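The structure appears right after this line, and notes come after that.
Protein chains: 2
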Amino acid sequence: MRDESTDGAGTVWGVSTDVVIFSVRDEALTVRLVRRPDEPFAGCWALPGGLLGEGEDPDDGATRVLREKTGMEGVYLEQLYTFGRPDRDPRGRVVTVGYFALVPWTEIGGERDEPDGGWHPVDILPGLAFDHAEIVAMARGRLAAKLEYSTIALQLMPERFTLSHLQSVYEIIRGEPLDKRNFRKRVRAMECIEPTEATYRAGSHRPARLYRRKTPGRVEIIK
Amino acid sequence: MRDESTDGAGTVWGVSTDVVIFSVRDEALTVRLVRRPDEPFAGCWALPGGLLGEGEDPDDGATRVLREKTGMEGVYLEQLYTFGRPDRDPRGRVVTVGYFALVPWTEIGGERDEPDGGWHPVDILPGLAFDHAEIVAMARGRLAAKLEYSTIALQLMPERFTLSHLQSVYEIIRGEPLDKRNFRKRVRAMECIEPTEATYRAGSHRPARLYRRKTPGRVEIIK
DNA sequence: ACAAAAGTGTTGTATATACACCCATGA
DNA sequence: TCATGGGTGTATATACAACACTTTTGT
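Quick mapping for you: the protein sequence lines, in order, are chains A and B. Each residue of the first sequence is one higher than the last, beginning at -19 in our numbering. Each residue of the second sequence is one higher than the last, beginning at -19 in our numbering.
This is the structure we're talking about:
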């Protein structure tokens, strides 16, 4: 019978975090990728991530990665799954704690070391280093699932947004259209957003009311 | 900017798994605990777990722990969450991948190194080592949530069971009673169990029909 | 005046809830 | 025959899905 104090001590371990940073841009769900500067997989696209520092909690590591890659703080961040196949990193045993994050498209700003800022539509991803494709796939599944029973989509919205914006975010993630009247009825029933005084003018048509989250950071479970 | 190849290499890491093994016994949801033989927390109750071996996947580690503690194979096992607070283990940096498992009460058998086999009602747990109380709390929450939108409860059932048994498992985990007729209507609609020819006789009353899972290992998401 | 997106209700259908009595058995 | 848990259906309320037209603005 093994115990924490007796076994596995000979192995050199690494623990890292990798973050699937989602945003909706240009009518697509996109993921932030970076090019790896070093071996293994040098030059290959990969999720932003890195080894945990000494004394660094995995949650803090993910927060740090997020700050470094998007310059943002206070965005939605959730632990996803931990991946530890022995052969997942050719350098040795690195277990990675996967996270996913949601950032409003307006607040992306930050660095642009790649022409497109490293944002890739999740449906047309390049080949990824390590098992990162698997991590992205799981994150996408989790996001789609939570869309249906929580208010998580609001974490992708900027401070003020129209109901049409919100509906299009739902449609983009689900991959199918929604009925406008039923959608509006549903979000009204959630009672998690409220109208502002402001409107949004875009083109030669009626302006749209702008809404905001009532409790910006909070993700509620519905029903 | 940190990268997997550059940082954190000075730290001595350990990676362990801890498994919250649930079973329903004596009208209560119970958890399998073990007494720690060694420091830290020697003699204290803790979740079964241990450091990963070299070349061992976390899933395999959890499967091994489960086999060692219950003698069972093929029971339901799901990764729960990874806990990595820097101070969670006084010996140094040990990140633990938490799992939860469901075992039918009939198949517990195995060793009984404690008078009660180490099974503790989840509502009256002793003090636990490390952050194990937190892990149990999260596992309980996850189980309760999944009860409502999946067929996960069947993983707690023996090969053949009555609908009353199944209902009582739901009631025990939810902590409140259910209407018998509505419950039976619901499970019939799920189409995940089927009646057998056999009945179960227990006491001076009408015998109950025994059911079995149609696809024993499978957990379906409802709706 | 026209084009283009914003905004708004009703009706039918399916799903969930509340609720009470007869049945088969062992003692 | 009595006590015990096993087994069944209906009526109502609630939630969800389908569906079309009017409003406001810019050009």
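Cβ atoms here follow ideal geometry from the backbone N, Cα and C, with glycine treated the same way. Computed from a prediction, not measured in an experiment: that's the story for all the values here.
Opening and closing residue of the beta strand (DSSP E) in which residue i lies
i, result
"residue 3 (chain B)", "-7 to 5"
"residue 59 (chain A)", "56 to 63"
"residue 23 (chain B)", "It is not in any beta strand (DSSP E) - residue 23 (chain B) carries neither H nor E in the DSSP assignment."
"residue 28 (chain B)", "That residue, residue 28 (chain B), is in no beta strand (DSSP E); it is neither H nor E in DSSP."
"residue 9 (chain A)", "8 to 12"
"residue 84 (chain B)", "From DSSP, residue 84 (chain B) is part of no beta strand (DSSP E); its letter is neither H nor E."
"residue 177 (chain A)", "173 to 180"
"residue 100 (chain A)", "99 to 101"
"residue 193 (chain B)", "188 to 193"
Straight-line gap, residue i to residue j (C-alpha atoms, nearest Å)
i, j, result
"residue 209 (chain B)", "residue 152 (chain B)", "Outside the displayed span of chain B (-19 to 203) sits residue 209 (chain B), for which this structure offers no information."
"residue 10 (chain B)", "residue 106 (chain B)", "12 Å"
"residue 184 (chain A)", "residue 124 (chain A)", "34 Å"
"residue -7 (chain A)", "residue 40 (chain B)", "17 Å"
"residue 50 (chain B)", "residue 129 (chain A)", "35 Å"
"residue 70 (chain A)", "residue 159 (chain A)", "49 Å"
"residue 64 (chain A)", "residue 57 (chain B)", "16 Å"
"residue 79 (chain A)", "residue 180 (chain B)", "48 Å"
"residue 68 (chain B)", "residue 16 (chain B)", "16 Å"
"residue 162 (chain B)", "residue 45 (chain B)", "39 Å"
"residue 14 (chain B)", "residue 27 (chain B)", "6 Å"
"residue 193 (chain B)", "residue 140 (chain B)", "8 Å"
"residue 126 (chain A)", "residue 60 (chain B)", "17 Å"
"residue 86 (chain A)", "residue 195 (chain A)", "19 Å"
"residue 142 (chain A)", "residue 147 (chain B)", "45 Å"
"residue 47 (chain A)", "residue 77 (chain A)", "17 Å"
"residue 23 (chain B)", "residue 88 (chain B)", "23 Å"
"residue 73 (chain B)", "residue 66 (chain B)", "6 Å"
"residue 149 (chain B)", "residue 138 (chain B)", "12 Å"
"residue 166 (chain B)", "residue 122 (chain A)", "26 Å"
"residue -13 (chain B)", "residue 157 (chain B)", "Confidence in residue -13 (chain B) is poor, its pLDDT being 45 and thus under 50, which makes the residue's placement unreliable; the coordinate value appears in the next sentence. Residue -13 (chain B) and residue 157 (chain B): Cα-Cα distance of roughly 54 Å."
"residue 18 (chain A)", "residue 52 (chain B)", "44 Å"
"residue 203 (chain B)", "residue 164 (chain A)", "22 Å"
Proximity to residue i [Cα-Cα], best of the options
i, options, result
"residue 29 (chain B)", "B:143, B:112 and B:162", "B:112"
"residue 120 (chain B)", "B:87, B:155, B:180 and B:165", "B:155"
"residue 109 (chain A)", "A:147, A:18, A:25 and A:203", "A:25"
"residue 35 (chain B)", "A:161, A:164, A:75 and A:203", "A:75"
"residue 206 (chain B)", "B:4, B:199 and B:203", "Nothing in the structure corresponds to residue 206 (chain B), since chain B is present only between -19 and 203."
"residue 84 (chain A)", "A:157, A:145, A:177 and A:48", "A:145"
"residue 190 (chain B)", "B:199, B:88, B:177 and B:197", "B:177"
"residue 31 (chain B)", "B:23, B:166, B:-5 and B:12", "B:-5"
"residue 62 (chain A)", "A:118, A:33, A:104 and A:103", "A:118"
"residue 12 (chain B)", "B:33, B:104 and B:18", "B:104"
Where residue i falls, given that 16 or more other Cβ within 10 Å makes a residue buried
i, result
"residue -16 (chain B)", "Low local confidence applies: a pLDDT of 37 at residue -16 (chain B) is under 50, so the model's placement there is unreliable, and no value is given."
"residue 7 (chain B)", "exposed"
"residue 168 (chain A)", "exposed"
"residue 201 (chain B)", "exposed"
"residue -3 (chain A)", "buried"
"residue 1 (chain B)", "buried"
"residue 20 (chain B)", "exposed"
"residue 43 (chain A)", "buried"
"residue 115 (chain B)", "buried"
"residue 81 (chain B)", "buried"
"residue 98 (chain B)", "buried"
"residue -1 (chain A)", "buried"
"residue 187 (chain A)", "exposed"
"residue 198 (chain B)", "exposed"
"residue 38 (chain A)", "buried"
Span of the alpha helix (DSSP H), counted from its first residue to its last, around residue i
i, result
"residue 124 (chain A)", "112 to 129"
"residue 167 (chain B)", "160 to 170"
"residue 38 (chain B)", "38 to 50"
"residue 146 (chain B)", "143 to 154"
(Q) Does the contact criterion of 3 or more C-beta pairs under 8 Å hold for the region 131 to 138 of chain A versus the region 169 to 176 of chain A? (A) Yes, they touch.
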